[in-house]
Amino acid sequence: MPMSECLSRLPLNSRPSPRNASSIRAAGCLRTCIVHPRDASQHPWLHERPVIVITCGASSVRKLGGRRDVLRRVHWACASRSPTKNEEELKRTAEELRAICAETDVFAITVDVSSFDAVKAFADKVFQWSDEVNVVLNNAGVGLKSGSWSGLDAWKTMIDVNLMGIVNVQHAFVPHMMPNENPGLFINTGSKQGITNPP
């Protein structure tokens, strides 16, 4: 299920309940980790203006164009992997978000999630830009154009991005988020490549 559809299913205005919590887990191939579990009323998605970090942000956030109720109430830190392919799209995404709501703050940057050093530098910059992060949408992923017959370099890239990219983002952001008093939420999106392109 696309991240844009998963996001559209998240509860926005209702008080969270065990039913709502399960609906988040059932929204797609998601695994969630609450950094600071608290009473349900403290769910990070119900923060007045949550700060959300999203990898693969250029394409994913733009697909939410019709969900202005989502976009308007969020501060976004968007990362996309390829400077040559995604930089212009990332700029357009930031401009569109700012156009939807003048109060929306947007931090957009290209980051290679397969490199822990690059992700760590991104996390440091995000926490210079904002005092806290409420939600991390760990969403970056690549595919194999030739499926199982793709070359070894393509396989290595896919594993570095789709697997280690998830790990790198968690290791870079969780230490920053742990000291915060407010709850934090990670949503890790599993790549369909694990199903459609078995070795």
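Counting from 1, position 141 in the sequence shown corresponds to residue 141 in UniProt numbering; the numbering is continuous, with no gaps. Yeah, the Cβ is synthetic: ideal placement off N, Cα and C, and Gly gets one too. Remember, it's a predicted structure, so these values are computed and weren't measured experimentally.
Fully contained in the segment 118-170 are the following beta strand (DSSP E) runs of length 3 or more, in chain order: 135-138.
In the DSSP assignment, Val106 falls within the beta strand (DSSP E) that extends over 106-110. Per the coordinates, the alpha-carbon of Val106 lies some 19 angstroms from the alpha-carbon of Leu185. With a cutoff of 8 angstroms on beta-carbon distance, Val126 and Val119 are scored as not near each other. Contact between Asn139 and Thr93 fails: their C-beta atoms lie close to 13 angstroms from each other, not under 8 angstroms. Secondary structure at Val51: strand, using DSSP grouped into helix, strand and coil.
The beta carbon of Val169 sits closer than 7 angstroms to the beta carbons of Thr55, Val113, Val119, Val136, Asn138 from its chain, once the five residues preceding and following it are set aside; these are given in chain order. Rounded to whole angstroms, the gap between the alpha carbons of Leu152 and Leu163 is 16 angstroms.
Of the residues assessed, Arg49 falls on the exposed side of the cut-off, its CB having fewer than 16 other CB atoms within 10 angstroms. Judged by beta-carbon spacing, Val167 lies beyond the 8 angstroms limit of Thr157, meaning their Cβ atoms are not closer than that value. In the same chain as Phe116, and ignoring 5 residues on each side of it, the C-beta atoms closer than 6 angstroms to its own belong to Asn168, in chain order. If you draw a straight line from the Cα of Ser150 to the Cα of Lys91, it is about 31 angstroms long.
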